[in-house]
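Peer 1: Attaching a single structure in structure tokens format; questions to follow.
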Amino acid sequence: MAAIYFKEQNLHFQDIGFGQPIVFLHGFLEDKSIWKSMINGLSNEYKCVSIDLPGHGKSGSFNEIHTMEEMAQAVKAVIDYLEIDRVILAGHSMGGYVALAFAELFPRKVLALSLINSTPKADNAEKQLNRDRAVEAVIKDKQNFIRMSIPQLFAAETREMFQKEINKLKNKAALMDVEGITAALKGMKIRIDRTAVMVNGSYPSQIIIGAKDNLVPISSLDDLRKNREIEIIEIGGGHMSYIESVEELSYYFMRFIEKV
Numbered sequence: 000m001a002a003i004y005f006k007e008q009n010l011h012f013q014d015i016g017f018g019q020p021i022v023f024l025h026g027f028l029e030d031k032s033i034w035k036s037m038i039n040g041l042s043n044e045y046k047c048v049s050i051d052l053p054g055h056g057k058s059g060s061f062n063e064i065h066t067m068e069e070m071a072q073a074v075k076a077v078i079d080y081l082e083i084d085r086v087i088l089a090g091h092s093m094g095g096y097v098a099l100a101f102a103e104l105f106p107r108k109v110l111a112l113s114l115i116n117s118t119p120k121a122d123n124a125e126k127q128l129n130r131d132r133a134v135e136a137v138i139k140d141k142q143n144f145i146r147m148s149i150p151q152l153f154a155a156e157t158r159e160m161f162q163k164e165i166n167k168l169k170n171k172a173a174l175m176d177v178e179g180i181t182a183a184l185k186g187m188k189i190r191i192d193r194t195a196v197m198v199n200g201s202y203p204s205q206i207i208i209g210a211k212d213n214l215v216p217i218s219s220l221d222d223l224r225k226n227r228e229i230e231i232i233e234i235g236g237g238h239m240s241y242i243e244s245v246e247e248l249s250y251y252f253m254r255f256i257e258k259v
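Written out as structure tokens, the structure reads:
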């Protein structure tokens with residue numbers, strides 16, 4: 000594991016393997032370790048870079064709000080440090096929002112874009128209100144917020160099966176400071192719609208969604224299905240496909256990047 004200095008904070012990342020570069024971006028309350036299983040299956044053929052986004056994992060917070068654009072700048076800093084020209088981007092949930100911001104800011108750096116349990120759409124008014132409520136809940140009792148939130152990311156029928164993984168996620172999230180959590184929530188709230196980034200990009204785009212994902216329901220992407228530029232794949236499980244449906248996820252992701 001290595002780190003660079005970004006906006007007066009350490010930004011941690013891992014760089015494994017050789018070949019075409021894939022940059023993996025985790026979601027809210029997660030860290031780069033979520034990609035371990037997928038990277039194990041890819042690092043023999045690809046250069047796999049996973050990053051602790053600002054305020055997550057071992058990376059520090061640099062602002063009261065971590066916008067998706069600022070986090071994309073952090074990703075760019077790592078890519079520049081590694082002297083990588085163009086990358087395949089894979090982002091889970093919030094990581095997908097960051098990947099989209101990166102693709103908008105640095106389109107020539109993108110070989111392909113894969114959103115996992117994520118969406119190019121902005122928060123609607125109800126979701127923005129829920130972000131505000133979440134910020135208040137974190138400030139009031141961070142541990143309770145984490146304890147209540149993480150199990151809800153899994154499909155109801157998989158929670159018992161993956162209790163060990165849920166506890167591990169809770170324990171890691173508990174190490175985050177309040178500022179890092181709230182900065183991400185505020186940044187997600189104000190992110191813009193980037194559907195056009197996917198539709199009009201000169202690179203192939205993919206969205207992989209869990210059939211029982213309550214955060215990004217497959218039905219919310221119905222209007223995007225008519226765009227042949229975007230490959231939309233539905234797999235089993237809820238919002239945590241890299242745990243609940245890792246074999247399916249890996250299959251469709253590998254099939255996608257093999258075309259690049």
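Counting in numbering that gives the first Met the number 0, the sequence shown runs from 0 upward without gaps. The C-beta atom is built at its ideal place from N, Cα and C for all residues, glycine as well.
Could you check whether A172 and E29 sit closer than 9 angstroms to each other, using their CB atoms as the reference points?
Peer 2: With contacts defined by Cβ atoms closer than 9 angstroms, E29 and A172 form a contacting pair.
Peer 1: Within 8 angstroms, do at least three Cβ pairs link the region 57 to 73 to the region 127 to 146?
Peer 2: The answer is no - the region 57 to 73 does not touch the region 127 to 146, with fewer than three Cβ pairs under 8 angstroms.
Peer 1: In terms of residues, what are the limits of the alpha helix (DSSP H) holding Y80?
Peer 2: M67 to Y80
Peer 1: Less than 8 angstroms between the CB atoms is what I'm expecting for G200 and L112, so what's the real figure, rounded?
Peer 2: Cβ atoms of G200 and L112 come within 8 angstroms of each other, at about 7 angstroms.
Peer 1: May I have a chain-ordered list of the beta strand (DSSP E) segments no shorter than 3 residues that lie completely inside the region 153 to 210?
Peer 2: 204 to 209
Peer 1: Does the distance from the CB of Q89 to the CB of I50 come in under 9 angstroms?
Peer 2: In the sequence on display, residue 89 carries Ala and not Gln. Their beta carbons are not under 9 angstroms apart, which means A89 does not touch I50 by this criterion.
Peer 1: Would you mind working out which of L184, K120 and E164 sits nearest I217, comparing C-alpha positions?
Peer 2: K120
Peer 1: I need the DSSP call for I113, collapsed to helix, strand or coil.
Peer 2: Here residue 113 turns out to be Ser, not Ile, going by the sequence shown. Strand, per DSSP.
Peer 1: Measure from the alpha carbon of K185 to the alpha carbon of each residue in D222, D122 and N39, then state which is nearest.
Peer 2: D122
Peer 1: Excluding the 5 residues flanking R158 on each side, which residues of the same chain have their C-beta closer than 8 angstroms to its C-beta?
Peer 2: P150 and I165
Peer 1: Assign M160 to buried or exposed, taking buried as 16 or more other Cβ atoms, counted over all protein chains shown, within 10 Å of its Cβ.
Peer 2: Using a 10 angstroms sphere on the CB of M160, the tally of other CB atoms stays under 16, which defines it as exposed.
Peer 1: If you measure from the CB of F153, is any heavy atom of the ligand SAH nearer than 8 angstroms?
Peer 2: As far as ligands go, the structure on display features none, and thus does not contain the ligand SAH.
Peer 1: Hey, V215 and I87: beta-carbon distance below 9 angstroms or not?
Peer 2: no
Peer 1: Just tell me which of Y4, G26, E7 and F12 has its CA closest to the CA of I180.
Peer 2: Comparing Cα-Cα distances from I180 to each of Y4, G26, E7 and F12, the minimum goes to G26.
Peer 1: Using the rule of at least 16 other Cβ atoms within 10 Å of the residue's Cβ for burial, across every protein chain shown, is I78 buried or exposed?
Peer 2: buried
Peer 1: Confirm, please, whether the CB-CB distance from A2 to F12 is below 9 angstroms.
Peer 2: yes
Peer 1: For S49, list the residues DSSP reports as bridge partners.
Peer 2: Q13 and F23
Peer 1: Tell me, which residues are paired with F5 by DSSP?
Peer 2: Its beta-bridge partners are Q8.
Peer 1: Kindly indicate which three-state DSSP category I231 falls into: helix, strand or coil?
Peer 2: strand
Peer 1: Do you know offhand how far G95's Cα is from D212's?
Peer 2: Roughly 15 angstroms separates the two Cα atoms.
Peer 1: Thinking just about the alpha-carbon of each residue, which of R193, I242, R107 and A210 is nearest to the one in I232?
Peer 2: A210
Peer 1: Which of the three DSSP states, helix, strand or coil, is assigned to A121?
Peer 2: coil
Peer 1: For A124 and S219, I'd like the C-alpha separation in whole angstroms.
Peer 2: Answer to the nearest angstrom: the Cα atoms are 15 angstroms apart.
Peer 1: Throw me the rounded Cβ distance for the A103 and V196 pair, which I believe falls under 8 angstroms.
Peer 2: The question names Ala, yet the displayed sequence has Glu at residue 103. With a beta-carbon spacing of about 5 angstroms, E103 and V196 fall inside the 8 angstroms limit used to define contacts.
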